[in-house]
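What follows is one structure encoded as structure tokens, with my remarks underneath.
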Amino acid sequence: MENNISDSVIRLDAEEKISGKARYLSDIEYEDVLYAKTLRSERARAKILSIDLPDIPEGYFIVGKDDVPGKNVVKIMFDDWPIFAENEVNYIGEGILLVVGPDKKVIMDIMSKINVKYEDIPGVFTIDDASQKDDKFIEYKYSKGDMKTASKNAAYVFENEYTTGYQEHVYMEPQGIVGIYNNGKITIDGSMQCPYYVKDAVVQAMELDYDRVQIRQTTTGGGFGGKEDYPSLLGCQIAVAAYKVKKPVKLVFERNEDIMSTTKRHPSKVRLKSYVDKAYKIIGMDANVRLDGGAYSGLSNIVLQRALFAVCGVYDVANVKAKGTALKTNKVVCGAYRGFGAPQSLFAVELFMEYMANKLNIDPLKFRRMNYVKKGKKSPTGGTFKEDILLDKITDKVQEMSDYKRKYKDYMSENKLKGIGMSVFFHGGGFTGNGERDIIKTRLKMKKNKDNTVEILVSNVEMGQGLATTFRKIASKTIGIPIERIIYNNPDTDKVPNSGPTVASRSILIVGKLIQEASQKIKDQWSAKDEFEVITRYRHPEEVVWDADKFIGDAYNTYAWGANVVEVEVDPLTYEVAIKGIWTVYDVGNAIDDNIVRGQIDGGVTQGLGYASMEVLKSKQGKLGQATFTDYIVPTAMDFPRIHRELVNVPYYNGPFGAKSVGELTFDGAAPAYAIAVENAIGKPLNEIPITPETIMEVMNNEDKL
Ligand code: MTE
Ligand code: MOS
């Protein structure tokens, strides 16, 4: 066995995934299976006047709103997203009904003959329009200190607005789900992040007893937040179908269907107004965050909260006023996506820092350092940063690795279309505030078997982030038995307790910690011949205090930190941007597996650079203009150079082996570092991502735009 927990092992899911042996939902065969296809709204907002159906051949079925035994609504946060459209549709791609049957060709033929008559209703399509009409799902506010004091003591006042676009998750495996009805019981198999979310949604939709619904996660080819909310909708639809036809029903999305109809990252507009004193200390931040939530609320309130808690970035600001709105538009529903709103705010804050420094004519890095938050200081919501914060060390390191100082000086003084940009950022791990204690209440089980293997029974899923390896490593290391003797299977809600969803980078921090505790109990009770189980439950750290109504206190148990440097060169003829170098430093506590953390960095940074540079997804009157990989361009391994990375580390006292969270943090800093690098290369500010060659051309050639 490895000595240090961070020493890398070969991922336990590597062999089956690389060899192609792993079976994803669409590979699994079901006896006597029927297929389903979704009839979708072609209108952004309309009344459904009538649905004319052709003759339906024997063995084929139409499944819709009237077949839902319980409430025709997907249980997510607020009950507003219908399982099947009622009398009105609210976005293009919204599911109206399913056509179910044995032969896909016949299904398509039936689909083509269904005639839906609509009466259009004027829709709302932009953040500004929705704000104007006050069409919103929710609004939050919080404050600390007093803006009047800030304003009175300010030597400088700055204000700017930043805009971010949609982002599609591009998980390698599209969404897919299977429903099976058997003897009064519904079983759902699917590619998903949160088996118990799906279970709760299906129980409500089907009005079934809790033990009559079983959810089994199938090997999941990536989620990135996109399989946090949407599988609850699919689970309900397929449960209704399976219940009606009394046979297994399979629904697997085509890629274009997936892009068109599943959730996206929220487009945002973040307006920041700052008050800065004579000594260049930011003494006030007034933030207004607006998110485009799409047609239904989904997880918008959570995304909005997390965006709001990040409006001061890694800076210590005494007076803060934050307001946020999740707006309702007639567009595809927006939901969870790696970072949950924090990337939108951090993009704004980091560009704003650069902007302020340039206006103040001081070195942007010096300006950042002067304002870094420190241990013992208060967060924007008035909580206390309780652990050491290594921002200075992180900054030193990333600067040294990238030769930032020299390059910055050279590139800023010459007009070479070369630029270098730095971002500094953080990410709170786990649910916000009291969420882990009051909402999730993680409970997990571990079982010592007679054959001296040990099984981890949790509802958290492997979706590429390495959990099947890291969880076993924590158990193996704690108990002191080889990793091969630790069993972890894709969760099945009939077998595993509810240890919460696989979201918010919480798996290691929260669940991993409880695995460590359970493993310790197993070790303490070890007896070679016996079989026994242990259960552990989440206990909230006493010192983490939160008022969920007023947003006062510690928004998170702990934070992970990082800095990214990106170097670019802009082509003077085509305005294309070549990334010349990427350097990253993170504090994620003690890494549970060095290679897995490296994988998260490579993936997160690449995804963030795609978000900032090439992932253009635009909606015109509610219709997405990009729905295939021909026009929605994501980075490949060939687009960017190798990502250099270093870890610095404050072991977290309340994490397993000192670990904190990694998954989303790695996404957060790439977009701002890239945007700042491009700004510096062209010598003009940019306030919006994605930054395409077209944008650069426009900004460089159009003085009016500034
Ligand atoms: N990495 C891979 N390979 N695939 C994924 O789907 N999801 C990300 C991140 N890293 C994801 C990933 C998101 S959105 C989250 S919240 C975390 O992983 C969740 O996993 P964790 O709790 O184990 O960090
Ligand atoms: Mo991640 S957006 O919390 O699934």
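Its first residue numbered 895, the sequence shown is counted upward by one per residue in our numbering. Where a beta carbon is used, it is the ideal one built from N, C-alpha and C, also for glycine.
- DSSP places N1076 within a strand segment (E or B) once states are collapsed to three.
- Excluding residues up to 5 positions away in sequence, D1448, N1451 lie with their Cβ nearer than 6 Å to the Cβ of V1438 in the same chain.
- For F1365, same chain residues with a beta-carbon under 6 Å away, outside a window of 5 residues either side, are I1350, Y1382, I1409 in chain order.
- Judged by DSSP in its simplified three-state form, M1086 adopts coil rather than helix or strand.
- Your pair Q1238 and T1058 checks out as a contact, with CB atoms roughly 5 Å apart and the cut at 8 Å.
- Proximity of the segment 1161 to 1177 to the segment 1124 to 1132 falls short of the contact definition, fewer than three beta-carbon pairs being nearer than 8 Å.
- Two segments are said to touch when three or more pairs of C-beta atoms, one from each, lie closer than 8 Å; by this definition the segment 1169 to 1184 does not touch the segment 993 to 1000.
- Contact between E982 and I942 holds: their C-beta atoms lie close to 7 Å from each other, under 8 Å.
- Out of Y1056, E988, A1136, I1015, the CA that lies nearest to the CA of I1021 is found in Y1056.
- By DSSP's assignment, D1332 forms no beta bridge with any residue.
- No Cβ-Cβ contact shorter than 7 Å links I1071 with T1081.
- DSSP places I1490 in the helix class (H, G or I) of the three-state scheme.
- In summary, G1519 is exposed, with fewer than 16 beta-carbon neighbours lying within 10 Å of its beta-carbon over all protein chains present.
- Distance between V1482 and R1232, taken at the CA atoms: about 16 Å.
- For R1200, the three-state secondary structure derived from DSSP is helix.
- Linking D1465 to V927 through their CA atoms gives a straight-line distance of about 54 Å.
- A straight-line Cα-Cα distance of about 15 Å links L991 and E1151.
- The beta-carbon separation of S902 and N1354, rounded to 21 Å, does not stay under the 8 Å limit for a contact.
- Minimum Cα-Cα distance from R905 among the listed residues R1492, A1569, T1530, K1389 corresponds to R1492.
- Cβ neighbours of G958 within its own chain (closer than 6 Å, five residues either side excluded): F978, L991.
- Considering only K1341, W1455, T1560, Y1034, the residue with the shortest C-alpha distance to P1545 is W1455.
- Look at R1165 here: in three-state DSSP terms it is strand.
- Out of V962, G1475, L933, the CA that lies nearest to the CA of V1010 is found in L933.
- In this structure, L1361 has its beta carbon less than 6 Å from a heavy atom of ligand 1.
- Between I1473 and V1459, the CB-CB gap reaches or exceeds 7 Å.
- Proximity to D907 across H1063, G1358, Y1060 peaks at G1358, based on C-alpha coordinates.
- Annotation for G1277: G1447, D1448, A1449 place their beta carbon closer than 7 Å to its own, counting only its chain and skipping 5 residues before and after.
- DSSP places F1234 outside both helix and strand once states are collapsed to three, so it counts as coil.
- Rounded to the nearest angstrom, the gap between the Cα atoms of S920 and P1068 is 10 Å.
- The beta carbons of E1244 and P1566 sit closer together than 7 Å.
- For A1571 against G1207, the beta-carbon gap comes to about 18 Å, at or over 8 Å, which does not count as contact.
- The C-beta separation of M1086 from V1092 comes to about 6 Å, placing the pair in contact by the 8 Å criterion.
- The three-state reading of DSSP puts A1136 in helix, counting H, G and I together.
- If only uninterrupted alpha helix (DSSP H) runs of at least 4 residues are considered, those enclosed by the segment 984 to 1009 are 998 to 1007.
- Taking the Cα positions, K1222 is about 18 Å away from E980.
- If you ignore the 5 residues before and after Y1050, its C-beta comes within less than 6 Å of the C-beta of V1170, all in its own chain and listed in chain order.
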